[in-house]
Every structure is written in C-alpha cells, then in structure tokens.
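S.K.: Those protein sequences? They're chains A and H, same order as listed.
The first sequence begins at 39 in the working numbering and counts up one residue at a time.
The second sequence begins at 3 in the working numbering and counts up one residue at a time.
Take a look at the following structure, please.
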Amino acid sequence: MTVTTDPVALNQWVPCAWDGQIPVGGSLDTMIFGQPIHVQRTGEDSYRVAAVDGTTERELPVQVRYTCVFTTLGDTPRPLPEIAEFDEADRRITGCGNVGVNTSPYRLVENFLDMAHFAFIHTDVLGALDQTEVLAYRTEHRKEVDEIWAIDCTFYQPAASKAATGGQLTRYVYRVMSPFSVMLYKNVVTDPSRNDAICVFIQPKRETECLAYMPMAIVDEVSTVGDLIDFQQSIFLQDRVILENQRPALLPLDPTSELPTRADASSIAYRRWLKAMDIRFGILEKQAA
Amino acid sequence: MAIRLYDYSLSGSCYKVRLMLGFLGLEYERVQMNFYPGRQHRSPEFREINPLGQIPVLEEDGLRLRDAQAILCHLANSHDASGEWLPRDAERFGPVMMWLMFAGGELMAASAARLHDALGYELDIEEARRKARAAFRVLDDHLTAREIAGARWIVGDTPTIADVACFPYVALAGDGGLGHEEYPALRNWMRDFRRLPRFRAMSGIPEFI
Ligand SMILES: N[C@@H](CCC(=O)N[C@@H](CS)C(=O)NCC(=O)O)C(=O)O
Ligand SMILES: [Fe+2]
C-alpha cells in the first residue's frame, strides 16, 4: 500500500519501537500507515525518527513515554494521553515488547474493550465458564478530553492478575484514548483502593498489519517483571488467535453490518466516535449496491 | 527429587516439557524466564546454565538438561512406570527416536515462522513457512498411513513422547501464518491429542482444531 492520506490517522502519535529495543547507536527500519520510517537511537534517552522515501529523509517528531518511542506523520497531532499511574513511585512499570497482529488496529481496540470473551478465550484466568454474563455498564464520550470511557464494569475473574491467589469480582474502567490506543484500570487484588493500569498502544504498519505494545503500571511487590510480562503476553497471544481470524479484518462502520449486543456498548460508542471523526484508514468502505 | 523447569509460557519448546510433566503427574518448580522482550536466555547468567542460550532447561537431582527432546526422554525414562511413553522394544524405540529428532529438527521451521510473525524476529519468513509446510506434509502423510492401518498415534497404539514433541509446533502453526487446511490427518491427530487426560492448551493453540 501507499502512505495513507487520511488526515485523522496521520495526526496521531503512534509507537514505532519500545524503549530498549534498539541498542544505543543502532537503528531500526519499520513502517507507520504505509510510510517507511527509520528509527535511530542516538543516546541513552534520545531517538531520531525519519520518514524515508527512496533516498530522501524527512525528520519526524519523537517522544519517549510509557516505555515506548512515539512518532507522528501529522503537523497537528492529537496529544498523547496523560496516564498518571505511570508517575507513581511504587508502580512496576514495564512494557511487553511488541507483538505482531495481522488485522486492523480497531479490531485490537475492540477486543480489548470486550468483556464477553473473557470466559471463553481466557478461561480460568480472566473468566469462568459458569459466570459468563457481562453486567450492564455505562459508556461516556468525555468531551473535554475527547475520549471514550466505559465505567462501572464488573466481571468475575478466577485469576485477575499475576498477584491473584483466588477469584474476585474485578471492577474495570476502560478508556479509549485515541483511535489507536486504549487502556484499562482494574482494581488491584491486594489493595482494592488502587487500580492496575494496562495499556495497548498500536503501531499500524499497514491497514491490516499492526504491532501491539502493552505498557503496564502495576501494583505488585512480589512478582518479577518477567512474571508480569509472561502473564500479560499469555493473555494477549490467546486474543491474537481470535483477532487474526476475524473477518473482515478491516472495520465496517456501517451500523447494519455487525449486530450489537449489550456487551458491545463500548464498541458501539467507539465506532460512533470513529465515524464522527471521519477516519478512513483501515475502515471497510461500504460497497455501492 | 525436586524438578525445576526454566520456563516461558509462550515457548512451544517449554510447552513440550510442561505437557509431559502434566501427563506424568509430576510436580515441579517453575523458574520464570523473561525471554521476550528481556532476552534473559542470552544473558551471561543463563549461559552458565545453558551455553546454547536456549530454553527449556530442566534440573533434577543434580542433573541439568537442555533440549526439550532430551528432557522428554529423561522424564519418561525416570518417571513412567508403564514404559509406554518411551517404549523400549525394538519395534517402537527406533521410530519414536526418529520422530523425536524430527520434532527438534525439521518441525522447528514452524517455530521460526511464529517467532517472526508474533515476536518480530528477522528471518526469511517465506523460507521458514515453506520448510514448515514440507515438515507438516511428511507428518501428515505418515499419519494418513497410520489411519489407514487403523492407528491414531505417531508410533504404536498409545501416545509416546514423539506425539508430545510434535504436537506444540503443529498446533501453533497459525501463530506463524500457517493453516491446517491441507493436513486432514494432522487435524484428526491433534483432536485426539487434545482429548488426552491432563492435556493443557497453551496460548496460540486455537479451540477449533
Ligand atoms: N533444541 C532446543 C531448541 C529450543 C528452542 O528453540 N527454544 C527457543 C525458545 S522456544 C529458544 O530458546 N530460542 C532461543 C535461541 O535459540 O536463541 C529444544 O528443542 O529444546
Ligand atoms: Fe482477551
């Protein structure tokens, strides 16, 4: 494919490497929205990113946050979200590298928002086959930050996190921060007053070719970083099977094309929001009758 | 008599060993490896444990073993009173060894395809997929012949460590962009394997095989 011309997609910050992926002095060739880019690590904390077209290079903005290196092709990008948990001193902050997934970025966001699959896909971990019901929750379009939130979500989980020693009714809040990023807050097993923060930032390489980055800010004094990563990756590789088998891979925004159920309320809100911003990249165009 | 496994949940090679430990009902201590993104298997500390820089590694009673296939042999040799997982008769021993080597050899092309697609390893993906398909073809043909002979397992009338060693990377093919459509005998065999008592799936193995 060629580089997208969709101004909405172009004006997003997206990850292009995880911090530490490239050794100091090294570089990486990758792609965002069909645009080949070159990511160089120029120092311990400094990176240079350039769009590459043949022999010419155009330098792109770069920022390192939430364990990732972000860049954008746009001139007026939507700012990266503020996620306060990543600044709390006792948090275990870790990324999980990145994982390749061949589908559109929106399918990844929707899977992340969907509680109905917990019991079936993450059986005995994030859900149990005898407690599959998704209880009603609320979705909001928070206009001041232009984000989609789903609140008051609850789901019974046999092993909600690495720290879990038994089942609990987990309280969730979901937050769609941009078309290509989403996160959740879930109450910490050992301290119900606090929430673990788990994000998915997506690097769309092409319309149906993504890299998923999962930075987390976890409250857990016991587990090693390796334990936390193993837990999260095990869950994500279960989702990946489902994601890569979804058809069509592109997201249909035509409301008649996929039938919503109550569990999909957050996904409906997400699709409406995408439609309102008139995003085109990775969207299935309705075929003329 | 404690068993310790250097393990990573997403490793298909470690999964071979976890399956076998499960089938034999053995308790073990798990040492969590940060394989990706941590590359802990390449650290100097881990090179002391396995100079090849690979997992799995299993320790038991002062013995330290690398290579999933060798570990399966050890577990069956030491912990399977029935002798069925590693038959010693001339008719079955050689064939079990042969398919065990195949699991650690030709079939590992499917592992390479998976590492490329899921974890971004840089390698020739077309070549990896081509080799994986060729290996699947060989095992599918063998299992077709076995079906015709009225048998279900790779060797003999009961599952052996050859089945355990071959299952993970056949079942995980989808993770590397490889389908099972062209291998009907592999699909039948996988369905039988999944029904074994104490079988446990791992992430990446679809429910629908
Ligand atoms: N021959 C070994 C190979 C195992 C293997 O490839 N392990 C992978 C993880 S699934 C690994 O450690 N790869 C690191 C490397 O080869 O550098 C076995 O069968 O156990
Ligand atoms: Fe999931």
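Glycine included, each C-beta is placed from N, C-alpha and C at the ideal position.
#1: Taking only beta carbons into account, state which residues of the segment 235-266 of chain A come closer than 8 Å to chain H, listed in chain order.
#2: Can you pull the chain H neighbours of D268(A), defined as C-beta to C-beta under 7 Å?
#3: So what does D229(A) bridge to, in DSSP terms?
#4: Please report whether the beta-carbon of L275(A) lies at a distance below 8 Å from any beta-carbon of chain H.
#5: Would V172(H) and A164(H) qualify as a contact pair, given that the criterion is a beta-carbon distance under 8 Å?
#6: If you scan the segment 32-93 of chain H from start to end, which runs of the alpha helix (DSSP H) of 4 or more residues do you find wholly inside it?
#7: Under the criterion of a Cβ to heavy atom distance below 7 Å, does I57(H) qualify as lining ligand 1?
#8: Restricting to Cα atoms, I'd like to know which of S261(A), I273(A), R209(A), D184(A) is closest to L118(A).
#9: Report yes or no: is there a C-beta of chain A within less than 8 Å of the C-beta of Q56(H)?
#10: Cβ closer than 8 Å: which chain H residues qualify as neighbours of Q271(A)?
#11: Starting from P328(A), follow its DSSP beta bridges and name the residues at the other end.
#12: Have a look at G122(H) and D277(A) and give me their C-alpha separation to the nearest angstrom.
#13: Which residues of the segment 112-138 of chain H have a Cβ closer than 9 Å to any Cβ of chain A? Give them in chain order.
#14: Flag this pair as yes or no: are the beta carbons of Y223(A) and V211(A) separated by less than 8 Å?
#15: Give a yes or no on whether the minimum CB-CB distance between N136(A) and chain H is below 8 Å.
#16: Using DSSP with H/G/I as helix, E/B as strand and the rest coil, what is F210(H)?
#17: Please report how far the alpha carbon of I60(A) lies from the alpha carbon of R285(A), in whole angstroms.
#18: Please say whether D9(H) and M35(H) have beta carbons closer to each other than 8 Å?
#19: Going by DSSP, what residue range makes up the beta strand (DSSP E) through T132(A)?
#20: For I150(H), count neighbouring C-beta atoms within 10 Å of its own C-beta (all shown protein chains included) and say buried if the count is 16 or more, exposed if not.
#21: Does the distance between the C-beta of D69(H) and the nearest non-hydrogen atom of ligand 1 fall short of 7 Å?
#22: Could you work out which residues of chain H lie near V279(A), taking near to mean beta carbons separated by less than 7 Å?
#23: Note down, in chain order, every chain H residue with its Cβ under 7 Å from the Cβ of W353(A).
#24: Just checking my contact of L141(H) with L102(H) at CB under 8 Å: how many whole Å lie between their CB atoms?
#25: Measure the CB-CB distance between A201(A) and V260(A) and report whether it falls below 8 Å.
#26: Smallest Cα separation from D63(H): which of R6(H), M192(H), S15(H)?
#27: I'd like to know whether the C-beta atoms of S142(A) and L289(A) end up nearer to each other than 8 Å.
#28: Going along the chain, which residues of the segment 51-84 of chain A sit with their C-beta nearer than 8 Å to a C-beta in chain H?
#29: With a threshold of 8 Å between beta carbons, is Q71(H) in contact with chain A?
#30: Around the C-beta of D67(A), are 16 or more other C-beta atoms found within 10 angstroms, so that it is buried, or is it exposed?
#31: Would you kindly report the start and end of the unbroken beta strand (DSSP E) that includes S84(A)?
#32: Is Q241(A) helix, strand or coil by DSSP?
M.R.: With the given structure in hand:
#1: L249, T262, V263, G264, D265
#2: Here residue 268(A) is taken as the residue at index 230 of the first sequence, counted from 1. Neighbours of D268(A) on chain H, chain order: Y10, S11, Q34.
#3: For the purposes of this step, residue 229(A) is taken as the residue at position 191 of the first sequence. Answer is V226(A), bridged to D229(A).
#4: Residue mapping note: residue 275(A) aligns to position 237 of the first sequence, counting from 1. Yes, L275(A) counts as interfacial toward chain H.
#5: One-based indexing of the second sequence puts residue 172(H) at position 170. One-based indexing of the second sequence puts residue 164(H) at position 162. No, they are not a contact pair.
#6: Segments of the alpha helix (DSSP H) lying fully in the segment 32-93 of chain H: 46-51, 70-81.
#7: Translated into the one-based positions of the second sequence, residue 57(H) becomes position 55. Indeed, a heavy atom of ligand 1 lies less than 7 Å from the Cβ.
#8: Against the first sequence, residue 118(A) aligns to sequence position 80. Here the closest residue by C-alpha is D184(A).
#9: Residue 56(H) sits at position 54 when you count from the first residue of the second sequence. So, not an interface residue.
#10: Locating residue 271(A) in the first sequence gives position 233, where the first residue counts as 1. Going along chain H in sequence order, the residues near Q271(A) (Cβ under 8 Å) are S11, L12, Y38, S205.
#11: No answer is possible for residue 328(A): the residues shown for chain A start at 39 and end at 327.
#12: Here the question's residue 122(H) lines up with position 120 in the second sequence. Here the question's residue 277(A) lines up with position 239 in the first sequence. G122(H) and D277(A): Cα-Cα distance of roughly 17 Å.
#13: H118, D119, A120, L121, G122
#14: If you number the first sequence from 1, residue 223(A) lands on position 185. If you number the first sequence from 1, residue 211(A) lands on position 173. Yes. Within cutoff.
#15: On the first sequence, position 98 is the one that residue 136(A) refers to. Closer than 8 Å: yes.
#16: Within the second sequence, residue 210(H) is the residue found at index 208, counting from 1. Coil at F210(H), not helix or strand.
#17: Taking the first residue of the first sequence as position 1, residue 60(A) is located at position 22. Taking the first residue of the first sequence as position 1, residue 285(A) is located at position 247. Each residue's alpha carbon lies about 34 Å from the other.
#18: Reading the second sequence from its first residue, position 33 is the one you call residue 35(H). Reading the second sequence from its first residue, position 7 is the one you call residue 9(H). In this structure, D9(H) lies closer than 8 Å to M35(H) by Cβ.
#19: Here residue 132(A) is taken as the residue at index 94 of the first sequence, counted from 1. Run containing T132(A): 130-132, per the beta strand (DSSP E) assignment.
#20: Position 148 of the second sequence holds residue 150(H). The residue in question, I150(H), is exposed, as its Cβ has fewer than 16 Cβ neighbours within 10 Å.
#21: Taking the second sequence and counting its residues from 1, the one referred to as residue 69(H) is at position 67. Indeed, a heavy atom of ligand 1 lies less than 7 Å from the Cβ.
#22: Locating residue 279(A) in the first sequence gives position 241, where the first residue counts as 1. Chain H residues near V279(A): G176, G206, P208.
#23: Nothing about residue 353(A) can be read from this structure; chain A reaches only from 39 to 327.
#24: The sequence position of residue 141(H) within the second sequence is 139, counting from 1. The sequence position of residue 102(H) within the second sequence is 100, counting from 1. About 13 Å; that fails the 8 Å criterion.
#25: Taking the first sequence and counting its residues from 1, one reaches residue 201(A) at position 163. Taking the first sequence and counting its residues from 1, one reaches residue 260(A) at position 222. Yes, these two residues count as a Cβ contact at 8 Å.
#26: For this step, residue 63(H) is matched to residue 61 along the second sequence. Checked all of R6(H), M192(H), S15(H); the closest Cα to D63(H) is R6(H).
#27: Taking the first sequence and counting its residues from 1, one reaches residue 142(A) at position 104. Taking the first sequence and counting its residues from 1, one reaches residue 289(A) at position 251. In contact: S142(A) and L289(A) (Cβ atoms closer than 8 Å).
#28: Answer set for the segment 51-84 of chain A: W56, G58, Q59.
#29: Mapped onto the second sequence, residue 71(H) falls at position 69. So no, Q71(H) is outside the interface.
#30: Stepping through the first sequence from its first residue, residue 67(A) is reached at position 29. Exposed is the call here.
#31: Position 46 of the first sequence, counted from the start, is the residue given in the question as residue 84(A). Here S84(A) belongs to no beta strand (DSSP E), and DSSP marks it neither H nor E.
#32: Against the first sequence, residue 241(A) aligns to sequence position 203. Q241(A) falls in the strand class under three-state DSSP.
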